[in-house]
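Position one of the sequence shown corresponds to residue 4 (the numbering used here), numbered consecutively onward. The structure appears below as structure tokens.
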Amino acid sequence: MYVCICKQVKERDIIDAAERGAAHMREVRECTGLGSQCGKCARYAKSVFREAQLKAQQSAGLFTAA
Ligand code: FES
4 MYVCICKQVK ERDIIDAAER GAAHMREVRE CTGLGSQCGK CARYAKSVFR
54 EAQLKAQQSA GLFTAA
């Protein structure tokens, strides 16, 4: 599913970036151009990134829920 229509960035692109170790949303924006036009995608893109980042950290054993 497209998250950013303007730059044609899909959810999968954001998840891949998180799985490859992107530490900040800024890195995803720099690589994809996400959010650089109308900006309407920014909030949802950030939530997708945070969720993917958390899952990546959990699967790597870097974070465990209490
Ligand atoms: S939808 Fe992402 S910049 Fe417009």
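For glycine and all other residues, C-beta sits at the position ideal for the given N, C-alpha and C.
At a cut-off of 7 Å, is residue i close to the ligand FES when judged by its beta-carbon and the heavy atoms of the ligand?
i: C34; result: no
i: K10; result: yes
i: K13; result: no
Quick check on the DSSP output: the alpha helix (DSSP H) that includes residue i runs from which residue to which?
i: C34; result: M28 to T35
i: Q60; result: A45 to S62
i: R15; result: E14 to E22
If the criterion is Cβ atoms closer than 8 Å, does the pair residue i and residue j meet it?
i: E14; j: M4; result: yes
i: S39; j: K10; result: yes
Hey, quick one: how far does the beta strand (DSSP E) through residue i stretch, first residue to last?
i: C9; result: No beta strand (DSSP E) contains C9, which DSSP labels as neither H nor E.
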